[in-house]
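Here it is, written out as structure tokens:
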């Protein structure tokens, strides 16, 4: 079996990859990179000649050849492109062997994967009401991000609002349901220390991205000043970027986004690295059914998965992409179809082309740039 065609399919805010073989078997992958999708599309066009004629079962070889076969390696654009290829190959091989992809990854380490949903509310009271409603709908883990600026970002106001929102939600839902506090890299290390210590009595499951991810030394500073669990990683694009955070035990939850970090192949390796240090996956969500399926099969196969992000609905994408995963009582299940259990309607995808978009560019009160 040989690869005969690689189709790149940009759809609205997503980038899909379809790898086709001479036997007619194909796989679907995702290479979405929010706000930089067109750069990934061009990277995939560059990779096409490397893939044509390859044996699609040599997933590790193809991964290494794309990553290491050139002097320049890594970065979010190339790793997202590589992820699209890798995920498509895992889907393809599952279909070729007529088994779900997770069985190729070692089989199921669990029956289902716990999900978390984002919970919003402009005021503490609204947040509490939303949280109660979500628990009634069966969700067991809530994620909040209550320090989003209205106009310009002020860390002092953000921290105060965050504490007030978290307090209201915890008082409303009780001690048992888990709450993840998402900071979205908006604080400095010392500001993050203040927030983490203030909400420690409220028992967060973990604080997500309290600071930016690229400097392990700053996480060491944060770690030495607070006792709350910490999660980060969606900005990191390969196992080497995770290495110090894992080996020095500076974080507790690995926020891997396999669409930005080289796909299922690299996600599995990061999970293994974390297992040695008793860290668990809390995988980031690219907001598409394809990436959802890929994360589900990875999470089903590893022993150290804590939770997977999920925020429906998908809208028109649910018509473009078919999938077999389903949700019951706050957990996600595989439908058991071969591969990742996904397919794409290319005709409908063509009717919904890529829509240019730019992530928000935040400012501080003095007009300077603030991390989004």
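Residue numbers (the numbering used here): 2 to 373.
Ideal Cβ positions, reconstructed from N, Cα and C, are used throughout, including at glycine.
Presumed contact (8 Å Cβ cut-off) between residue 263 and residue 64, rounded CB distance: 7 Å
heavy atom of the ligand NAP below 7 Å from residue 50 C-beta: In terms of ligand content, the structure shown is empty, and the ligand NAP therefore cannot be addressed.
Proximity winner among 39, 204, 237, 322, relative to residue 284 (alpha-carbon distances): 237
Residue closest to residue 180, alpha-carbon to alpha-carbon, out of 231, 13, 220, 362: 231
Nearest candidate by alpha-carbon position, reference residue 39, set 50, 9, 53: 9
Residue 188 in three-state terms, based on DSSP: coil
Residue 72 in three-state terms, based on DSSP: coil
Pairwise C-alpha distance: residue 17 and residue 317: 15 Å
CB contact flag (residue 110, residue 301, <8 Å): yes
Minimum length 3: unbroken beta strand (DSSP E) runs contained in the segment 168-244: 179-183, 207-209, 231-233
Close Cβ partners of residue 268 (< 7 Å) along its chain, the five nearest in sequence each way excluded: 257, 259, 262, 299
Given 8 Å, three or more beta-carbon pairs between the segment 216-231 and the segment 182-198: yes
Candidates 143, 99, 58: closest to residue 206 by CA position: 143
Residue 365 vs residue 94 beta-carbon contact at 8 Å: no
Check whether residue 150 and residue 163 have beta carbons under 8 Å apart: no
Where residue 110 falls: helix, strand or coil (DSSP): coil
Buried or exposed by the 16-neighbour rule on C-beta atoms within 10 Å, applied to residue 356: exposed
Distance, residue 347 Cα to residue 6 Cα: 14 Å
The segment 113-124 contacting the segment 306-314, beta-carbon criterion three pairs below 8 Å: yes
Same chain, Cβ closer than 7 Å to residue 349, five either side skipped, listed in chain order: 320, 321
Within the segment 10-46, ranges of the beta strand (DSSP E) (whole runs, at least 3 residues): 15-22, 27-31
Helix, strand or coil at residue 100 [DSSP, three-state]: coil
Cross-strand partners of residue 281 (DSSP beta bridge): 254
Given 8 Å, three or more beta-carbon pairs between the segment 99-107 and the segment 285-293: no
Simplified DSSP state of residue 152, which is helix, strand or coil: coil
Beta-carbon proximity list for residue 239, same chain, < 7 Å, skipping 5 on both sides: 75, 80, 262, 263, 267
Start and end residues, alpha helix (DSSP H) containing residue 349: 347-351
Beta-carbon spacing of residue 100, residue 339 below 8 Å: yes
Rounded separation between residue 213 and residue 190 - CA only: 9 Å
Residue 333: first and last residue of the uninterrupted alpha helix (DSSP H) it sits in: Residue 333 -> not in any alpha helix (DSSP H); beta strand (DSSP E) instead, spanning 332-334.
Exposed unless 16 or more other CB atoms sit within 10 angstroms - verdict on residue 176: exposed
Residue of 188, 140, 166, 125 minimising C-alpha distance to residue 156: 188
Close beta carbons around residue 294, own chain, < 7 Å, minus the five adjacent residues each side: 324, 326, 341, 342, 343
Three-state secondary structure (DSSP) of residue 130: helix
Cutoff 7 Å; reference residue 170; Cβ partners in own chain excluding five residues on either side: 128, 129, 132, 145, 180
Separation of residue 48 from residue 70, as counted between CA atoms: 11 Å
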